[in-house]
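Worksheet for the structure shown next.
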Amino acid sequence: MKMLENMKYALFAFSTMLVLSGCGDDEPSRSNNDDADISVVDSIAYQDSLYSWFMDNKVNREDSGENDSDLPDAGDDEDEAIVDSAVLLPPAGFYEPFKIPVPAPKFGGEIRCGGYGETVQRYENSWPFEEPQEINETMELRCSEFVDGEPVRTSTQTYFVSEEVSMPVVAISVDYRSMFDETVGYYRQGAERCYEEPCRNANYWQDRELPVHVEFFENGSRSAGKAWEIDAGLSIMGAWSRMEDKKSVSISMRKQYQDGRLKYPIFKTRPKDKKFKGFNLRNNGNRFVGDYIEDAMLSSLLEGSGVDYQRSRQVVVFYDGKYYGIHDLRERINEHFIETNYGIDSKVVDMVKHVKDTLSVSGGSADEYAKLLVKIHANDFSGVNNKSYAEIREIMDVANYADYMTAEIYYHNGDWPDNNVRAWRAPGVPFKFIIFDLDHGFGWDWHVNGFEYIDHNMFSWIKQGGHNECNGIGCFAEIYIKLSENPDFRRLFANHGAVMLSHYLTYDRVVEATNSMTATIPSADMERDQAHYKNGRRSYHAFDKTGATLISYAKKRTEIVRDEFREEFGLGPDIEVTITADGKGEVRLDDMKLPSSNFTGTFFQGNDMLLEAVPVDGAEFKEWEDGSTKNPRLVSPKDGSSYKAIFK
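Quick note: the sequence shown uses my numbering, first residue 939, plus one each step.
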């Protein structure tokens, strides 16, 4: 069938026509509907025929008020069947080979598919849908009804044929030539060949954004339909990892594609956070050749700590119906990240990128952050009750900074602190820092020059200023170098480090997170990804499918870091200290919210603690268990010490 051949060409040539009518009226986008019932996208038994489910009119019937008697009879000959005009195309999903009957116009127009363009489907570059379309292989299909040469409704659907995928699926429709052509394709190296990064002339280093249509299937091949779909822009991201066969991309929603935000609880960690302006699909960075989860796993350890990190989940990605393997779907770090996680309007957020001594922004301004760096450089922070230190604490969340720094030290990140630093602030919120890009952490043996990956002391690495030795004015490392002159900061930093290493950054937590994350990647999906990229993973060591190397590295990591703290701050041996609250209130340790109201941690002998009893829900602080009423109070704990705040 000539039309069918033309149609198959069109699936590639025209896969990203992002039409003015949005996502189509046959399956409204859930991204713009606050009241969308996401629970309706459940799952169906794999042996069920999704096409039969569609043809039995179980889609969009309750909303339309139609019943079976209102529907056309498909008859015995599917070639003669005419689909009800309310539906332009069958819903995207997982099928066995099937046939799409000829759609009926809803507005008296003409149904056409294919064509070429970037933002509007063009009548002159499309073909009429005049005979049934056989779908025998996985593909994406976009069709429109045209009235007077203009599209009045459009449907973009990805059909997975005889596919078995246990993981969530992200299907991306993109102009095939613009994305994958060997000469001009954005995903390709292009005409100029090179074999070592950085290939700055490669196509994938260009500053480009391609329009795409994205569909999400929560339960893989057992999904009853797509959970959501959006029109957006795609850009390739990352640095050296761009050379890999699997590339990281960012997906950004902009007004030129569609208004609003994606409203769906993508991440199970905090399901109430369901308003997103975009996300990343990451190839695990430089760890692409080594494992699936290192970066995502290490970041996840910080859940509950108050340190910002990118939530993530593992998914399988298809481009234009072609398999591209396992990716890490994760939050994007920009001003919209703050709106999602804090409910602060993104328009009032300053989001600063700090690389060596250079600042840039993705939102707001870097002026106040630059002033912070100058102020830190210009002042002396030595001595107790230091006025300059008190002023810095008004500008920067020093307590949060200590937690962030402890995490980076624990991760043993060699691509930091002269790189991969993000800071943000908003009205009433001092500067905080965000953990991200940890692929050079946890003993990665493609180490940064000057960073001995096994036993390099992280405090020495910080004071050196990392690989680029950026440790003077304008450098992130100088924040620690200068503030560590202050005894109150040193006490706070050591106590925060002790809590982080007692609860969040532990061997048991690494084991739990590694096993939990690995369990989301079934062996069949893992083997398919491994086979697909077998010749593209340039590595001299084995790929770790189980997370065993991560668990092994964590075995003694907490102990090593505690010894580095001991050396840096001149502290004594480990001691066990319990801090509790009786009644409606909590105890803050050097401005740190403890993991629980009855917390026992391993601290350092010789380091004082500043304890503050904080009542809640109208309660009042009465006294400490030992009878003291001083609040806050400075104590000198010993092994086995216990401090209880009593509220009334």
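The beta-carbon is built from N, C-alpha and C at its ideal position, and this holds for glycine as well.
Item	Value
Sub-8 Å separation of residue 1157 and residue 1294 beta-carbons	no
Beta strand (DSSP E) runs contained entirely in the segment 1167-1219, provided each spans 3 or more residues	1186-1190
Backbone secondary structure at residue 1328 - three-state DSSP	helix
Contact under 8 Å by Cβ, residue 935 with residue 1097	Look at the range of the chain in this structure, 939 to 1586, and you will see that residue 935 is not part of it.
Start-to-end residues for the beta strand (DSSP E) that takes in residue 1416	Looking at the DSSP string, residue 1416 is not in any beta strand (DSSP E); the run it does join, the alpha helix (DSSP H), is 1415-1421.
Candidates 1202, 1125, 1168, of which the one nearest residue 1182 by Cα	1125
Cβ shell of residue 1586 (< 7 Å), same chain only, five flanking positions each side left out	1521, 1557, 1558, 1560
Distance between beta carbons of residue 1523 and residue 1551, contact taken as under 8 Å	6 Å
Residue environment, residue 1408, which counts as buried when at least 16 other CB atoms sit within 10 Å	buried
Residue range of the unbroken alpha helix (DSSP H) whose run includes residue 1101	Residue 1101 -> no alpha helix (DSSP H), and no H or E assigned at all.
Separation of residue 1451 from residue 1175, as counted between CA atoms	26 Å
Pick from 1572, 1324, 1352 that is closest to residue 1388, judged by C-alpha positions	1352
Three CB pairs or more closer than 8 Å across the segment 1360-1371 and the segment 1224-1231	no
Nearest-angstrom Cβ-Cβ length linking residue 1116 and residue 1148, presumed shorter than 8 Å	6 Å
Three CB pairs or more closer than 8 Å across the segment 1248-1255 and the segment 1100-1110	yes
Test item: CB-CB of residue 1337 and residue 1528 under 8 Å	yes
Residues bridged to residue 1246 [DSSP beta-bridge criterion]	1372
Buried versus exposed call for residue 1185 [16 or more other C-beta atoms within 10 Å across all chains shown]	buried
Identity of the residue in 1203, 1144, 1344, 1540 nearest residue 1180 by Cα	1144
Own chain residues within Cβ distance below 8 Å of residue 1299, not counting five before or after	1288, 1289, 1290, 1291
For residue 1092: DSSP bridge partner residues	1082
Coil, strand or helix - residue 1574 by DSSP	coil
First through last residue of the alpha helix (DSSP H) which encompasses residue 1311	1305-1316
Beta bridge counterpart(s) of residue 1524 as assigned by DSSP	1552
Three or more C-beta pairs below 8 Å linking the segment 1210-1219 and the segment 1433-1446	no
Residue span of the alpha helix (DSSP H) that contains residue 1464, given as start and end	1461-1470
Pair within 8 Å by beta-carbon distance, residue 1340 and residue 1435	yes
Backbone CA spacing between residue 1076 and residue 1261 [nearest angstrom]	9 Å
Residue 1077 beta carbon near the ligand FAD (any heavy atom closer than 7 Å)	Ligands are entirely absent from the displayed structure, and the ligand FAD is therefore not among its contents.
Exposure label - residue 1045; buried when at least 16 CB within 10 Å	exposed
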